[in-house]
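**Q** Questions regarding the structure given below will be posed in turn.
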Amino acid sequence: MLDVKAGDEQSFTLLLHRYRTPLVNFLYRMVRNREQAEDLAQEVFLRVYRAREDYVPSAKFTTWLFRIATNLALNSVRDTRYQRMEISLDAPVTVDAEEGEGKTPDIAEKHPNIEQHLVEETRKKMIRHAIEKLPEKQRAAVLLHKYQELDYGEIAKILQCSESALKSLLFRAYETLRVELAPLVAQQGNS
Amino acid sequence: MSCSRMEKKILGYVDGRLGESERLEVEKHLAVCAGCRLRVNEFRAVSGLLDELPMIEPSAAFDLRVRARVAAIPVKQSWWAWLMPAPRVAIAAAMLVAAMLWVGTRPGRNQPQIAQDDIPVLENYDVLSNFEPLTELPPPVQADDGGQPQNPQL
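These protein sequence lines map, in sequence, to chains X and P. The first sequence runs 0 to 190 under numbering that gives the first Met the number 0. The second sequence runs 0 to 153 under numbering that gives the first Met the number 0.
Structure, rendered in structure tokens:
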């Protein structure tokens with residue numbers, strides 16, 4: 000980032016390549032809409048670029064990056080919460096990227112055992128929905144902890160809370176997930 | 000260690016993020032608490048389930064869109080930089096300022112003019128001011144009004 004600050008455009012390209020996938024995935028799991036997630040990720044990079052001259056390496060770059068992303072995601076989730084409530088039940092059901100848009104004709108080719116494939120898809124859907132049902136801050140904490148593998152100190156800075164509060168937040172989130180995913184948890188325990 | 004204190008350590012234990020002493024402390028508690036042992040196993044199962052979600056890849060146009068948005072950011076210029084593309088304007092402005100300064104510092108026409116006839120008097124000012132007979136003149140004589148009030152009607 001210090002090279003980007005010094006005006007090295009190539010370093011910005013490196014940052015883009017290194018962080019685009021984790022950022023898009025984090026934002027996608029926060030907002031549950033791929034297009035919106037990409038727009039937000041672009042906005043994150045734009046803000047990083049704009050702020051490059053004022054960047055002070057007081058914290059890890061990832062902390063700063065995901066703090067921008069988390070704030071954008073939380074604002075977006077809050078803004079669209081009411082819009083979602085207004086969506087008509089008659090609206091066409093959109094299939095998101097993880098749920099395999101346009102893959103139906105290939106199922107038989109790729110998965111000889113369709114039943115097994117359906118079981119796997121149902122399982123993933125349950126996990127996604129369990130994450131989606133978490134309160135926004137808990138969801139952000141779980142995603143940063145589990146998928147970005149950031150340490151407690153970094154996540155606490157991103158979510159602007161103490162490490163102790165973060166540990167309680169994560170504990171509550173895992174408790175909720177444990178209850179929501181109880182059938183799958185039991186299966187995991189037996190296997 | 001109590002079960003309530005386990006709340007803040009259990010996830011760190013599941014992830015292997017605890018220090019040696021904390022890990023031993025947790026394991027000591029787990030050895031005697033079936034409830035916390037069960038919870039550890041269930042949290043491990045939840046963590047394993049979260050691993051099952053696949054990652055998605057950004058669309059092919061993602062980089063291009065970022066680059067386009069970055070390129071659209073207006074370039075920040077200092078007040079001085081705006082002169083650079085137009086040196087003729089800069090030179091003209093500098094000449095105008097110099098001309099204004101020159102005009103402003105010239106002696107003004109409104110200053111009081113000294114008449115040509117006054118110059119010899121001024122040249123002799125020192126002589127006249129120190130001329131003894133003039134300094135020794137008697138005090139002016141008071142007009143004798145006879146102690147009577149003046150009558151403007153006379």
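No residue lacks a Cβ here, since even glycine has one placed at the ideal position from N, Cα and C.
Using alpha carbons as the reference points, say which of Ile-9/P, Arg-16/P, Asn-40/P lies closest to Val-25/P.
**A** Translated into positions along the second sequence, residue 25/P becomes position 26. Taking only the C-alpha atoms, the option nearest Val-25/P is Ile-9/P.
**Q** Give the DSSP-derived three-state secondary structure of Val-126/P in the structure shown.
**A** Position 127 of the second sequence, counted from the start, is the residue given in the question as residue 126/P. Taken through DSSP and simplified to helix, strand or coil, Val-126/P comes out as helix.
**Q** Below 8 Å, how does it come out for the region 150-161 of chain X and the region 0-9 of chain P: are there three or more Cβ pairs, yes or no?
**A** Touching, no.
**Q** Please go through the same chain and pick out, in chain order, the residues whose beta-carbon is closer than 7 Å to the beta-carbon of Gly-101/X, but skip the five residues on each side of it.
**A** Position 102 of the first sequence, counted from the start, is the residue given in the question as residue 101/X. Confidence is the limiting factor: at Gly-101/X the pLDDT is only 41, short of 50, which leaves the residue's position unreliable, though a coordinate-based value still follows. Here the set comprises nothing.
**Q** Report the residue from Val-30/X, Ala-50/X, Thr-20/X, Ser-161/X whose alpha carbon sits nearest the alpha carbon of Asn-74/X.
**A** One-based indexing of the first sequence puts residue 74/X at position 75. When each option's Cα is compared against that of Asn-74/X, the closest is Val-30/X.
**Q** Identify each residue in the region 49-74 of chain P for which the Cβ-Cβ distance to at least one residue of chain X is less than 7 Å, and report them in chain order.
**A** Leu-49, Glu-51, Leu-52, Pro-53, Met-54, Ile-55, Glu-56, Pro-57, Ser-58, Phe-61, Asp-62, Arg-64, Val-65, Arg-68, Val-69, Ile-72
**Q** At a Cβ threshold of 7 Å, is Leu-10/P touching chain X?
**A** Taking the second sequence and counting its residues from 1, one reaches residue 10/P at position 11. Yes - at least one Cβ of chain X is within 7 Å of the one on Leu-10/P.
**Q** Can you give me, in chain order, the residues of the region 160-172 of chain X that have a beta carbon less than 8 Å from any beta carbon in chain P?
**A** Taking 8 Å as the upper bound on Cβ-Cβ separation, chain P lies near residues Ser-163, Lys-166, Ser-167, Leu-169, Phe-170 of the region 160-172 of chain X.
**Q** Since Lys-45/P meets chain X, which of its residues come closer than 8 Å, beta carbon to beta carbon?
**A** Taking the first residue of the second sequence as 1, we reach residue 45/P at position 46. Before going on, a small fix: residue 45/P reads as Val here, not Lys. Those within 8 Å of Val-45/P in chain X are Tyr-173, Leu-176, Arg-177, Leu-180, Val-184.
**Q** In terms of alpha-carbon separation, which member of Val-39/P, Arg-66/P, Leu-52/P lies closest to Arg-49/X?
**A** Indexing the first sequence from 1 puts residue 49/X at position 50. Checked all of Val-39/P, Arg-66/P, Leu-52/P; the closest Cα to Arg-49/X is Arg-66/P.
**Q** Would you give the residue range spanned by the alpha helix (DSSP H) that Ser-20/P belongs to?
**A** Here the question's residue 20/P lines up with position 21 in the second sequence. Start and end: 19-29.
**Q** Any beta carbon of chain X sitting closer than 7 Å to that of Glu-24/P?
**A** The count along the second sequence starts at 1 and reaches residue 24/P at position 25. Output row for Glu-24/P: interface = no.
**Q** From the DSSP output, in three-state form, read off Leu-158/X for me.
**A** Your numbering for residue 158/X matches position 159 in the first sequence. Looking at Leu-158/X - three-state DSSP - the assignment turns out to be coil, as it is neither helix nor strand.
**Q** Between Glu-19/P and chain X, is there a C-beta pair that is closer than 7 Å?
**A** If you number the second sequence from 1, residue 19/P lands on position 20. Cβ-Cβ to chain X under 7 Å: no for Glu-19/P.
**Q** Compute the Euclidean distance between the alpha carbons of Lys-59/X and Leu-142/X, then round it to the nearest angstrom.
**A** In the first sequence, counting from the first residue as 1, residue 59/X sits at position 60. In the first sequence, counting from the first residue as 1, residue 142/X sits at position 143. In a straight line, the C-alpha of Lys-59/X is about 18 Å away from that of Leu-142/X.
**Q** In this structure, how does DSSP classify Arg-64/P when only helix, strand and coil are distinguished?
**A** Taking the first residue of the second sequence as 1, we reach residue 64/P at position 65. Taken through DSSP and simplified to helix, strand or coil, Arg-64/P comes out as helix.
**Q** Go to Gly-15/P, then tell me how far its alpha helix (DSSP H) extends in each direction, as first and last residue.
**A** Numbered from its first residue, the second sequence carries residue 15/P at position 16. Per DSSP, Gly-15/P belongs to no alpha helix (DSSP H) and is neither H nor E.
**Q** The alpha helix (DSSP H) that contains Pro-56/X, what's its start and end?
**A** The sequence position of residue 56/X within the first sequence is 57, counting from 1. Run containing Pro-56/X: none; DSSP gives neither H nor E here.
**Q** Between which residues of its own chain and Glu-8/X is the CB-CB distance below 6 Å, once the five residues before and five after are set aside?
**A** As a first step, residue 8/X must be located in the first sequence, where it is residue number 9. Taken in chain order, the list of residues that qualify is empty.
**Q** Taking the alpha-carbon of Val-211/X as reference, which of Ser-20/P, Gly-15/P, Arg-38/P has the nearest alpha-carbon?
**A** Because chain X here runs from 0 to 190, residue 211/X falls outside it and cannot be looked at.
**Q** Against Lys-7/P, what residues of chain X qualify as contacts under a CB-to-CB distance less than 8 Å, listed in chain order?
**A** On the second sequence, residue 7/P is found 8 positions in, with the first residue counted as 1. Near Lys-7/P (Cβ distances below 8 Å), the residues of chain X are Ser-163, Lys-166, Ser-167, Phe-170.
**Q** Answer yes or no: the CB of Trp-63/X versus the heavy atoms of the ligand ADP, is any distance below 6 Å?
**A** Of ligands this structure carries none, so the ligand ADP is not represented either.
**Q** If we define contact as Cβ-Cβ less than 7 Å, is Ser-1/P a contact residue for chain X?
**A** As a working mapping, residue 1/P is identified with position 2 in the second sequence. Answer no: the Cβ-Cβ gap between Ser-1/P and chain X never drops below 7 Å.
**Q** Along the region 51-76 of chain X, where does the CB come closer than 9 Å to a CB of chain P? Name the residues.
**A** Glu-52
**Q** Near Lys-156/X, what residues of its chain come up, given a Cβ to Cβ distance below 8 Å and the 5 sequence neighbours on each side ignored?
**A** As a working note, residue 156/X is residue 157 in the first sequence. So the qualifying residues of the chain are Ala-58, Thr-62, Arg-66.
**Q** Restricting to Cα atoms, I'd like to know which of Leu-165/X, Gln-115/X, His-128/X, Ser-161/X is closest to Gln-137/X.
**A** Along the first sequence, read from residue 1 onward, the residue named residue 137/X stands at position 138. Among Leu-165/X, Gln-115/X, His-128/X, Ser-161/X, the Cα nearest to that of Gln-137/X belongs to Leu-165/X.
**Q** Is Arg-4/P close to chain X, meaning its C-beta is less than 7 Å from at least one C-beta of that chain?
**A** Position 5 of the second sequence, counting from 1, holds the residue named residue 4/P. By this cut-off, Arg-4/P is not an interface position.
**Q** Could you give the first and the last residue of the continuous alpha helix (DSSP H) run that contains Asp-38/X?
**A** Against the first sequence, residue 38/X aligns to sequence position 39. Start and end: 33-49.
**Q** Are the beta-carbon atoms of Tyr-27/X and Arg-19/X separated by less than 7 Å?
**A** Position 28 of the first sequence, counted from the first residue, corresponds to residue 27/X. Position 20 of the first sequence, counted from the first residue, corresponds to residue 19/X. Going by C-beta atoms, Tyr-27/X is not nearer than 7 Å to Arg-19/X.
**Q** At 7 Å on the CB atoms, spell out the chain P contacts of Leu-15/X, in chain order.
**A** Counted from its first residue, the first sequence places residue 15/X at position 16. Asp-62, Val-65, listed in chain order.
**Q** Which residues, taken in chain order from the region 116-143 of chain X, show a beta carbon closer than 8 Å to some beta carbon of chain P?
**A** Arg-122, Lys-123, Ile-126, Arg-127, Ile-130, Val-141
**Q** Could you check whether Leu-15/X and Leu-39/X sit closer than 7 Å to each other, using their CB atoms as the reference points?
**A** Taking the first sequence and counting its residues from 1, the one referred to as residue 39/X is at position 40. Taking the first sequence and counting its residues from 1, the one referred to as residue 15/X is at position 16. No, Cβ-Cβ distance for Leu-39/X and Leu-15/X is not below 7 Å.
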